[in-house]
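S.K.: For what it's worth, the working numbering labels the leading residue of the sequence shown as 135, then goes sequentially.
Positions of the beta carbon are idealized from the N, C-alpha and C atoms, including for glycine.
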Amino acid sequence: MRVLLYSTKPYDRLYFERARDTLDHTIDYLEARLDAHTARLAHGYDAVCTFVNDSVDEPIAQMLADGGTKLIALRCAGYNQVDLGAADRLGLTVVRVPAYSPHAVAEHTVAMMLSLNRQIYRAHMRVREGNFSLDGLLGFDMAGKTVGVIGTGQIGRVVMKILAGFGCELICYDVHASDEAVALGGRYVDLPTLYRQSDIVTLHCPLTPDTHHMIDEASIEQMKRGVMIVNTSRGALIDAAAAIDALKAGRIGHLGIDVYEEEADLFFEDLSNQVIQDDVLARLLTFPNVLVTSHQAYFTETALQNIAHTTMDNITAFAHGGKLVNRVAPHGA
Ligand code: NAD
């Protein structure tokens, strides 16, 4: 198979080169994102391999199909960025990497909670400046706090397991309850109850029309004053403008985001010599109680290795007409 990888960084290339050692696929790497301008570069490639911010809408799917592409191999779990119906109509098969390391994302989620709570990022900057004062760094014990987990899939459950170890009370919401989450001490409640009772709300559900902007003015209004919200799932779960209003009013006490609705033109790039044009993100970055990371929750050695291996297995299975265990069905996985 001729495979074209979009949105690649040196670390992607390293792990894909290692993973393909014994396989006879031809792989080319592009730094560019897949968009209306770069889709034509896939002409003649059997497969394209894309990441979280490569959008495959209908016109792009059409261009890929016109160029002879048959397979879209997502090297991520989420597939909200792909028009699955259009892909299906155009004869494009979509595969993904459903689980490369739930631990990576869960551990980063908890790292954000702890950093926000104890303000590690501020403490570090202070001490480097010779300021050893503790004023403004007061945190709370995690033990005994109620954490509301929205989405008790693979990542949500690992978060619950870690937080159970801290002695947190765990309440959760999901459209499909999990026995494992209950065994971890989770108590399923409806969303209004979760919002009302949680000291920390952590998001681990996919981005769908149902979950788009689920954290908005109305839901924040139901939460405890000073709540901590952490989102390592997808940016558009949170209405960022509503979050800014709530931060200004003190309704949100801490906000940790590894994902941002408009991240596609920003995240993964070094823009330190440029002026950030996104005023919403720029405002978020001014709050002392907001921690932003640039979609790095997945970024561990284990995850990169698993992403590369599963993607190559998906491509090989497609090439040999084998069973596609990681196929994304036209209506979702
Ligand atoms: P998963 O499929 O195992 O779990 C998702 C859970 O969300 C499922 O239990 C599902 O029933 C539930 N869900 C679906 N719709 C819901 C709704 N409307 N309300 C509440 N729950 C709902 O997925 P996962 O592997 O745990 O990943 C969760 C999300 O994390 C992914 O969708 C992806 O967007 C995100 N993610 C982020 C990173 C990162 O680096 N930041 C990496 C991987 C995944």
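1) I believe T336 touches V364 by the beta-carbon criterion, under 8 Å. Please report the beta-carbon distance rounded to the nearest angstrom.
2) Can you find at least 3 beta carbon pairs, one from the segment 425-442 and one from the segment 239-258, that sit closer than 8 Å?
3) Is any heavy atom of ligand 1 found at a distance shorter than 7 Å from the C-beta of I284?
4) For G270, count neighbouring C-beta atoms within 10 Å of its own C-beta (all shown protein chains included) and say buried if the count is 16 or more, exposed if not.
5) I need the straight-line Cα distance from L139 to H159, nearest angstrom please.
6) Mind reading off the beta-carbon distance from L318 to L304? Whole number of angstroms is fine, and I expect it under 8 Å.
7) Out of Y255, T184, H454, A199, state which residue places its alpha-carbon closest to the alpha-carbon of N214.
8) Hey, how far is the Cα of A211 from the Cα of V186?
9) Compare the C-alpha of P326 against each of Q408, R291, F150, I354 and name the closest.
10) Please classify R154: is it buried, with 16 or more other beta-carbons within 10 angstroms of its beta-carbon, or exposed?
11) Which of the three DSSP states, helix, strand or coil, is assigned to E165?
12) State the Cα-Cα distance for the pair G384 and A207, rounded to the nearest angstrom.
13) What three-state label does DSSP hand E395 in the structure shown?
14) Measuring CA to CA, which of L389, L272, V182, G278 is closest to G202?
15) If G390 and G360 are in contact, beta carbons under 8 Å, what's the gap, nearest whole angstrom?
16) Could you give the uninterrupted runs of the beta strand (DSSP E) lying entirely in the segment 175-212, keeping only those of 3 residues or more?
17) Can you tell me which residues form a DSSP beta bridge with C306?
18) Does the distance from the C-beta atom of A173 to that of M135 stay below 8 Å?
19) So, for P464: in the same chain, excluding its five sequence neighbours on each side, which residues have a beta-carbon less than 7 Å away from its beta-carbon?
20) How would you write the range of the alpha helix (DSSP H) that L425 sits in, first residue to last?
M.R.: According to the structure shown:
1) Position 202 of the sequence shown, counted from the start, is the residue given in the question as residue 336. Position 230 of the sequence shown, counted from the start, is the residue given in the question as residue 364. With a beta-carbon spacing of about 5 Å, T336 and V364 fall inside the 8 Å limit used to define contacts.
2) The segment 425-442 is in contact with the segment 239-258.
3) Residue numbering aside, residue 284 sits at position 150 when the sequence shown is read from its first letter. Indeed, a heavy atom of ligand 1 lies less than 7 Å from the Cβ.
4) The residue given as residue 270 occupies position 136 in the sequence shown. Exposed, since its Cβ has fewer than 16 Cβ neighbours within 10 Å.
5) The residue labelled residue 139 in the question sits at position 5 within the sequence shown. The residue labelled residue 159 in the question sits at position 25 within the sequence shown. Approximately 12 Å, taken between the alpha carbons.
6) For the purposes of this step, residue 318 is taken as the residue at position 184 of the sequence shown. For the purposes of this step, residue 304 is taken as the residue at position 170 of the sequence shown. L318 to L304, Cβ: 7 Å. Contact.
7) Mapped onto the sequence shown, residue 214 falls at position 80. Looking only at Y255, T184, H454, A199, the smallest Cα-Cα distance to N214 is reached by T184.
8) Indexing the sequence shown from 1 puts residue 211 at position 77. Indexing the sequence shown from 1 puts residue 186 at position 52. Roughly 9 Å separates the two Cα atoms.
9) Along the sequence shown, one-based indexing puts residue 326 at 192. The candidate whose alpha carbon is nearest that of P326 is I354.
10) The sequence position of residue 154 within the sequence shown is 20, counting from 1. So R154 counts as buried.
11) For this step, residue 165 is matched to residue 31 along the sequence shown. Correct three-state label for E165: coil.
12) As a first step, residue 384 must be located in the sequence shown, where it is residue number 250. As a first step, residue 207 must be located in the sequence shown, where it is residue number 73. Using only the alpha carbons, I get a separation of about 43 Å.
13) Position 261 of the sequence shown holds residue 395. DSSP, reduced to helix, strand and coil, places E395 outside both helices and strands of the structure shown, so it counts as coil.
14) On the sequence shown, position 68 is the one that residue 202 refers to. Answer by Cα proximity: V182.
15) The residue labelled residue 390 in the question sits at position 256 within the sequence shown. The residue labelled residue 360 in the question sits at position 226 within the sequence shown. So it is not a contact: roughly 14 Å between Cβ atoms.
16) 181-184, 205-208
17) The residue labelled residue 306 in the question sits at position 172 within the sequence shown. C306 is bridged to V283, Y322.
18) Walking along the sequence shown from the start, residue 173 turns up at place 39. Walking along the sequence shown from the start, residue 135 turns up at place 1. Contact: no.
19) The sequence position of residue 464 within the sequence shown is 330, counting from 1. Hits under 7 Å: L218, G219, D222.
20) Along the sequence shown, one-based indexing puts residue 425 at 291. Premise fails: L425 lies in the beta strand (DSSP E), 424-426, not in any alpha helix (DSSP H).
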